[in-house]
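Numbering (this note's numbering), first residue to last: 6 to 306.
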């Protein structure tokens with residue numbers, strides 16, 4: 006049995022969610038995939054997967070083994086990249102992740118420019134508002150917004166964004182501009198915030214904070230929907246400054262309560278900090294960081 010091949014097939018099954026999906030992804034017959042996984046379980050004398058007609062999940066032993074497989078295959082790939090000279094020439098695939106709206110507005114243009122300059126590098130871009138685990142999901146670099154927890158990851162700050170409250174000029178003309186956070190209880194609000202509870206908006210710089218309970222007239226699950234509703238006069242929204250930069254710039258939304266905003270949130274490029282750093286990752290960081298710093302500009306108050 007080729008154990009490295011079996012490990013790769015097992016990871017494909019786990020990532021795809023089923024044996025049949027992994028077989029399609031690998032271009033391999035389903036019986037072969039099933040046999041390889043069974044051979045691996047027989048070799049280990051342990052069941053790695055719970056199989057039902059509807060879903061597949063890892064056993065406790067399987068979860069530990071899959072985590073080890075990812076590390077082993079990553080080390081093997083690292084050794085092969087060194088041997089083939091990837092550390093001397095920028096080539097290969099980079100996996101990059103970023104929040105959805107930030108990625109669309111800022112990461113995609115930077116990536117497009119980068120790919121034009123480095124034709125031997127391929128990029129896999131994952132845009133999602135969830136926090137992606139770099140080690141478990143094989144991500145090379147992540148764009149993170151917010152204070153970073155202590156970890157072994159390496160980070161480079163490329164800017165900061167404000168948390169702003171906005172409404173359309175028509176709404177403010179009809180309902181008035183809130184004089185302070187406490188005045189929000191008399192206003193219609195739109196609920197959307199992936200950084201904190203939708204039920205309370207927190208103001209202040211950390212030393213003196215105020216938490217204002219909010220009962221939204223409208224709740225949505227994307228920033229773009231919240232912004233669209235606010236421009237139509239539905240109510241006040243609380244989002245990150247880059248998300249409303251265009252709407253504020255063209256006058257569709259006005260920023261209010263500027264004096265009560267919390268401290269800006271750092272924007273950072275984060276990577277695993279392996280040594281030596283692959284050339285493809287180094288050139289991407291060197292290319293992207295200054296361009297992102299130039300793109301991340303404050304929203305007018």
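Glycine included, C-beta positions come from ideal geometry on N, C-alpha and C.
Since we're looking at a predicted model, the values are computed, not measured.
Exposure label - residue i; buried when at least 16 CB within 10 Å
i	result
residue 145	buried
residue 27	buried
residue 45	buried
residue 106	buried
residue 286	buried
residue 278	exposed
residue 182	exposed
residue 87	exposed
residue 246	buried
residue 32	exposed
Backbone CA spacing between residue i and residue j [nearest angstrom]
i	j	result
residue 67	residue 47	13 angstroms
residue 264	residue 293	32 angstroms
residue 14	residue 108	31 angstroms
residue 70	residue 49	10 angstroms
residue 42	residue 22	14 angstroms
residue 128	residue 160	20 angstroms
residue 300	residue 221	32 angstroms
residue 206	residue 270	15 angstroms
residue 284	residue 97	10 angstroms
residue 180	residue 194	12 angstroms
residue 125	residue 6	34 angstroms
Residue i Cβ short of 7 angstroms to the ligand FMN heavy atom set
i	result
residue 300	The ligand content of the structure shown is nil, which means the ligand FMN is not present either.
Option in the options with minimal Cα separation from residue i
i	options	result
residue 39	295, 166, 18, 194	18
residue 138	276, 284, 287	276
residue 60	74, 80, 25, 73	25
residue 258	35, 233, 77	233
residue 196	241, 86, 236	241
residue 218	230, 236, 238, 192	192
residue 174	123, 237, 214, 282	237
residue 154	266, 118, 273	273
residue 268	214, 184, 235, 63	214
residue 102	117, 114, 134	134
residue 10	56, 82, 230	82
residue 141	266, 100, 117, 114	100
residue 178	119, 186, 239	239
The beta strand (DSSP E) enclosing residue i, as first and last residue numbers
i	result
residue 162	159–166
residue 208	205–209
Range of the contiguous alpha helix (DSSP H) that encloses residue i
i	result
residue 292	284–300
residue 41	35–49
residue 29	24–31
residue 114	113–122
residue 144	Careful: residue 144 lies outside any alpha helix (DSSP H) and carries neither H nor E.
residue 241	Careful: residue 241 lies outside any alpha helix (DSSP H) and carries neither H nor E.
residue 310	What is shown of the chain runs 6 to 306, which leaves residue 310 out entirely.
residue 82	65–88
Checklist entry - Between the stretch 215–230 and the stretch 158–176, do three or more beta carbon pairs fall short of 8 angstroms? => result Because the criterion of three Cβ pairs below 8 angstroms is not met, the stretch 215–230 and the stretch 158–176 do not touch.
Next on the checklist: Across the stretch 243–263 and the stretch 72–90, are there enough close Cβ pairs to call them in contact, namely three or more that are closer than 8 angstroms?
Outcome noted: Too few Cβ pairs lie closer than 8 angstroms, so no.
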